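In the working numbering, the protein residues as written are 5 to 614.
The beta carbon of each residue, even a glycine, is placed where N, CA and C say it ideally should be.
Fair warning: this is a prediction, and the values are worked out from it, not measured in the lab.
Written out below as structure tokens is the structure these notes cover.
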Ligand SMILES: [Zn+2]
């Protein structure tokens with residue numbers, strides 16, 4: 005370390021980043037609990053949470069966000085209460101440009117500050133003429149974050165310019181944005197790798213940014229390969245040389261992004277970047293849910309407003325829906341399996357001591373304990389599940405359910421992932437209403453037809469597949485049910501067999517149970533079991549269904565994919581009826597008995613959704 009770097013380069017401003025009205029970061033910290041790590045006294049009292057889902061996270065393979073999606077995600081992050089929401093890179097693409105334009109009138113953030121992202125000026129250019137910097141100013145946000153190279157290798161090899169010019173680029177760019185009235189965060193790219201090669205240069209870059217007015221110096225592990233002990237050591241060394249606000253930005257390539265973030269905070273970093281649900285390219289960015297929960301619950305460091313911690317799980321799932329990537333069930337704290345217990349031994353112990361097998365109270369982060377039932381389940385697991393559902397199962401009934409589960413799971417059913425179908429089994433065993441009293445199925449039938457269309461196939465456009473010729477597939481389903489004392493025959497078209505069956509079944513029974521209009525299929529998954537039997541293999545279908553209050557999964561198994569789908573579909577509707585009835589959405593007058601009357605046959609035909 006050169007004395008010049010350590011002494012006279014301006015790395016000395018106290019608490020530049022404390023927001024107006026907020027207490028500055030101090031070193032007085034109450035641990036409030038039984039954690040026993042070494043440097044408790046070094047822990048900051050609070051950190052600022054900076055979400056970059058809309059910029060860095062959106063680099064994830066398979067993620068493609070519309071401007072509307074981005075606005076919805078930003079609203080959720082604000083609802084959660086993060087300090088900063090990085091919205092994108094204005095000027096880099098038309099979508100981000102539009103996002104910042106629409107954000108001005110359509111995005112009303114109550115808690116978070118919107119940040120625009122960009123890079124420093126080009127090598128050899130002037131900040132005043134720089135396109136990227138101009139776009140940042142025009143984005144209309146009060147804060148900007150710019151990235152600069154802090155590894156000598158990247159300056160000389162990628163940027164092909166001198167180290168002095170790289171330092172000047174950092175200083176000029178921060179200064180330009182400050183002069184334009186913006187708050188500026190400074191992302192030091194490849195900082196940890198750069199530090200290991202040339203610490204003096206890495207320090208010169210962040211010192212220049214600080215001197216020019218950057219309010220947080222964010223040390224980035226861009227390649228994501230740094231380990232926690234290295235982070236701890238390097239952040240400590242930087243911290244010794246500055247009282248500037250330090251931040252951390254960690255990628256998860258070594259599986260250590262959250263651990264690295266915590267290590268940086270332990271050494272005094274008070275600005276934490278990451279993405280909700282750990283989104284990001286390659287192995288992702290630091291998962292903010294786990295970061296926030298760990299900092300708050302285990303380290304006693306303030307993150308988001310304390311009374312919003314229980315929003316972590318709902319927000320994580322809501323954002324998962326918006327970005328259309330289903331949330332990994334095992335995602336710590338917020339995943340559906342994060343507090344799910346399967347083994348019988350655990351579940352009976354859990355009943356006595358909830359902290360015996362759970363590291364935190366699940367409801368502190370808005371999640372809940374869940375008991376998972378499978379053929380391996382003991383009686384106690386099943387009993388807890390019954391209690392959860394408000395059902396009373398006596399010992400013989402419990403035995404019957406267990407026997408049925410074992411038999412069906414052997415046949416390919418999988419009740420762990422089909423809470424709706426499991427509930428129906430348990431309701432039937434306990435004698436509670438299970439929806440089957442509402443209607444009785446006589447038969448169903450599906451016809452799928454392909455028909456060539458058009459003339460002059462010889463003149464057709466070049467073929468995509470050798471077998472392809474113009475044609476149209478139509479599917480029609482007929483369902484015969486007994487409902488409300490009548491025999492109803494309903495025929496509907498659909499874009500496929502399951503869609504047509506769903507349409508026909510609804511057409512038949514919705515007139516009797518209007519609450520079903522609020523019940524919708526949301527996901528359909530097919531898995532082939534014993535695939536070595538090729539087309540004769542057994543198919544397992546899982547359906548997810550939602551009403552206004554929640555989601556349930558149902559299952560069907562058969563060698564016939566349509567039959568498997570039908571089983572799952574009927575279960576889905578039955579649970580829909582049970583839930584509607586429990587919610588009082590089915591007035592008594594509407595609950596007719598399936599075979600109650602002596603009515604004739606009603607025939608309904610309609611065109612289903614195409
Ligand atoms: Zn990054």
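1) With the cut-off set at 8 Å, would you say residue 530 and residue 566 are in Cβ contact?
2) What alpha helix (DSSP H) runs, 4 residues minimum, are completely inside the region 341-416?
3) For residue 176 and chain C, any beta-carbon pair shorter than 8 Å?
4) Between the region 312-324 and the region 86-93, can you find at least three pairs of beta-carbon atoms closer than 8 Å?
5) Regarding residue 82 and ligand 1, is the C-beta to nearest heavy atom distance less than 7 Å?
6) CB-CB under 6 Å to residue 299, same chain, minus the five flanking residues each way: which ones, in chain order?
7) Where residue 489 and residue 441 are concerned, what is the direct C-alpha to C-alpha distance, given to the nearest angstrom?
8) Name the residue from 125, 170, 182 and 374 whose alpha carbon lies nearest to the alpha carbon of residue 207.
9) Excluding the 5 residues preceding and the 5 following residue 589 in the sequence, name in chain order all residues of the same chain whose CB lies nearer than 6 Å to its CB.
10) Apart from the five residues on each side of it in sequence, which residues of its chain come closer than 7 Å, Cβ to Cβ, to residue 38?
11) Does the Cβ of residue 289 lie closer than 7 Å to at least one heavy atom of ligand 1?
12) Using the C-alpha atoms, what's the distance from residue 559 back to residue 571?
13) Residue 337 to residue 581, Cα distance in whole Å?
14) Select from 479, 443, 437 and 445 the residue whose C-alpha is nearest the C-alpha of residue 454.
15) Might you give, ordered along the chain, the residues of its own chain that have their beta carbon closer than 6 Å to the beta carbon of residue 254, omitting 5 neighbours on each side?
16) Spatial neighbours of residue 608 within its chain, please: C-beta separation below 6 Å, excluding the five flanking residues on both sides.
17) Consider the C-beta atom of residue 224 and the heavy atoms of ligand 1; say whether any pair is separated by less than 7 Å.
18) What is the residue span of the beta strand (DSSP E) that residue 194 lies within?
19) Indicate the three-state DSSP secondary structure (helix, strand or coil) for residue 55 in the structure shown.
20) Return the bridge partner residues of residue 628 from the DSSP annotation.
21) Hey, how far is the Cα of residue 573 from the Cα of residue 396?
22) Indicate whether residue 568 and residue 545 have their beta-carbon atoms separated by less than 8 Å.
23) Verify whether the separation of the beta carbon atoms of residue 67 and residue 331 is less than 8 Å.
24) Note down the Cα distance separating residue 365 from residue 342, rounded to an integer number of angstroms.
25) Tell me, to the nearest whole angstrom, how far the beta carbon of residue 201 is from that of residue 156; I am working on the premise that it is less than 8 Å.
26) Is residue 548 near ligand 1, in the sense that its beta carbon is under 7 Å from a heavy atom of that ligand?
27) Using 8 Å as the threshold, is the region 277-290 in touch with the region 56-74, meaning 3 or more CB pairs across them?
28) Could you tell me whether any non-hydrogen atom of ligand 1 is closer than 7 Å to the CB of residue 60?
29) Within a Cβ cutoff of 6 Å, which residues of the same chain sit near residue 297, ignoring the five residues on either side of it in sequence?
30) Measure the alpha-carbon distance for residue 457 versus residue 497 and round it to whole angstroms.
31) Taking 7 Å as the cut-off, is the beta-carbon of residue 158 closer than that to any non-hydrogen atom of ligand 1?
32) Answer with buried or exposed for residue 36, where buried requires no fewer than 16 other C-beta atoms within 10 angstroms of its C-beta.
33) For the alpha helix (DSSP H) that residue 325 lies in, which residues bound it at each end?
34) Closer than 8 Å by C-beta to residue 605: which residues in its own chain qualify, once you throw out the five before and the five after it? Chain order, please.
35) Below 8 Å between beta carbons: does that hold for residue 416 and residue 542?
36) Within the present structure, is the beta-carbon of residue 253 separated from the nearest heavy atom of ligand 1 by less than 7 Å?
In this structure, then:
1) The residue labelled residue 530 in the question sits at position 526 within the chain shown. The residue labelled residue 566 in the question sits at position 562 within the chain shown. In this structure, residue 566 does not lie closer than 8 Å to residue 530 by Cβ.
2) 348-356, 383-393 and 399-414
3) As a matter of chain content, chain C is missing from the structure shown, which is built from one protein chain.
4) no
5) Indexing the chain shown from 1 puts residue 82 at position 78. No - ligand 1 has no heavy atom lying nearer than 7 Å to the Cβ of residue 82.
6) One-based indexing of the chain shown puts residue 299 at position 295. Result list for residue 299: 305 and 307, in chain order.
7) Position 485 of the chain shown, counting from 1, holds the residue named residue 489. Position 437 of the chain shown, counting from 1, holds the residue named residue 441. Distance between the alpha carbons of residue 489 and residue 441 is about 12 Å.
8) Looking up residue 207 in the chain shown gives position 203. Checked all of 125, 170, 182 and 374; the closest Cα to residue 207 is 170.
9) Working through the chain shown from its first residue, we reach residue 589 at position 585. For residue 589, where only same-chain residues beyond five positions count, the Cβ hits under 6 Å are 519.
10) As a working note, residue 38 is residue 34 in the chain shown. The pLDDT assigned to residue 38 is 35, lower than 50, so where the model puts this residue is not dependable; a value taken from the coordinates is nonetheless given after this. Here the set comprises nothing.
11) Sequence index remark: in the chain shown, residue 289 carries index 285 (1-based). Result yes, Cβ under 7 Å from ligand 1.
12) Walking along the chain shown from the start, residue 571 turns up at place 567. Walking along the chain shown from the start, residue 559 turns up at place 555. Straight-line Cα distance between these residues: approximately 7 Å.
13) Stepping through the chain shown from its first residue, residue 337 is reached at position 333. Stepping through the chain shown from its first residue, residue 581 is reached at position 577. Cα to Cα, the separation comes out at about 32 Å.
14) Residue mapping note: residue 454 aligns to position 450 of the chain shown, counting from 1. The candidate whose alpha carbon is nearest that of residue 454 is 479.
15) Counting from one through the chain shown, the residue named residue 254 turns up at place 250. Excluding residues within five positions, the ones whose Cβ falls inside 6 Å are 225, 261, 264, 265 and 290.
16) Residue 608 sits at position 604 when you count from the first residue of the chain shown. Excluding residues within five positions, the ones whose Cβ falls inside 6 Å are 494 and 511.
17) Taking the chain shown and counting its residues from 1, one reaches residue 224 at position 220. Answer for residue 224: yes, Cβ within range of ligand 1.
18) Along the chain shown, read from residue 1 onward, the residue named residue 194 stands at position 190. Segment: none, residue 194 is in no beta strand (DSSP E) and carries neither H nor E.
19) On the chain shown, position 51 is the one that residue 55 refers to. Strand.
20) Outside the shown range of the chain, which is 5 to 614, sits residue 628, and nothing can be said about it.
21) Reading the chain shown from its first residue, position 569 is the one you call residue 573. Reading the chain shown from its first residue, position 392 is the one you call residue 396. Going by the C-alpha atoms only, they are around 26 Å apart.
22) Mapped onto the chain shown, residue 568 falls at position 564. Mapped onto the chain shown, residue 545 falls at position 541. Yes.
23) Start at 1 with the first residue of the chain shown, and residue 67 comes out as number 63. Start at 1 with the first residue of the chain shown, and residue 331 comes out as number 327. No, these two residues do not count as a Cβ contact at 8 Å.
24) The sequence position of residue 365 within the chain shown is 361, counting from 1. The sequence position of residue 342 within the chain shown is 338, counting from 1. Each residue's Cα considered, the two are about 11 Å apart.
25) On the chain shown, residue 201 is found 197 positions in, with the first residue counted as 1. On the chain shown, residue 156 is found 152 positions in, with the first residue counted as 1. At roughly 6 Å, the Cβ-Cβ gap stays under 8 Å, so residue 201 and residue 156 are in contact.
26) Numbered from its first residue, the chain shown carries residue 548 at position 544. Every heavy atom of ligand 1 is 7 Å or more from the Cβ of residue 548, so no.
27) yes
28) Locating residue 60 in the chain shown gives position 56, where the first residue counts as 1. Flag set: Cβ of residue 60 near ligand 1.
29) Mapped onto the chain shown, residue 297 falls at position 293. Counting only Cβ-Cβ distances below 6 Å, and skipping sequence neighbours, we find 337 and 369.
30) The residue given as residue 457 occupies position 453 in the chain shown. The residue given as residue 497 occupies position 493 in the chain shown. One C-alpha to the other measures close to 19 Å.
31) Taking the chain shown and counting its residues from 1, the one referred to as residue 158 is at position 154. Outside the cutoff, so no.
32) In the chain shown, residue 36 corresponds to position 32, counting from 1. Confidence is the limiting factor: at residue 36 the pLDDT is only 36, short of 50, which leaves the residue's position unreliable and the question unanswerable from this model.
33) Here residue 325 corresponds to residue number 321 of the chain shown, with the count starting at 1. Segment 316-326, the alpha helix (DSSP H) holding residue 325.
34) Looking up residue 605 in the chain shown gives position 601. Closer than 8 Å at the Cβ level, and outside the excluded window around residue 605, lie 490, 491, 492 and 493.
35) One-based indexing of the chain shown puts residue 416 at position 412. One-based indexing of the chain shown puts residue 542 at position 538. Taking 8 Å as the Cβ cut-off, residue 416 and residue 542 qualify as a contacting pair.
36) Residue mapping note: residue 253 aligns to position 249 of the chain shown, counting from 1. Yes, Cβ of residue 253 sits closer than 7 Å to a heavy atom of ligand 1.
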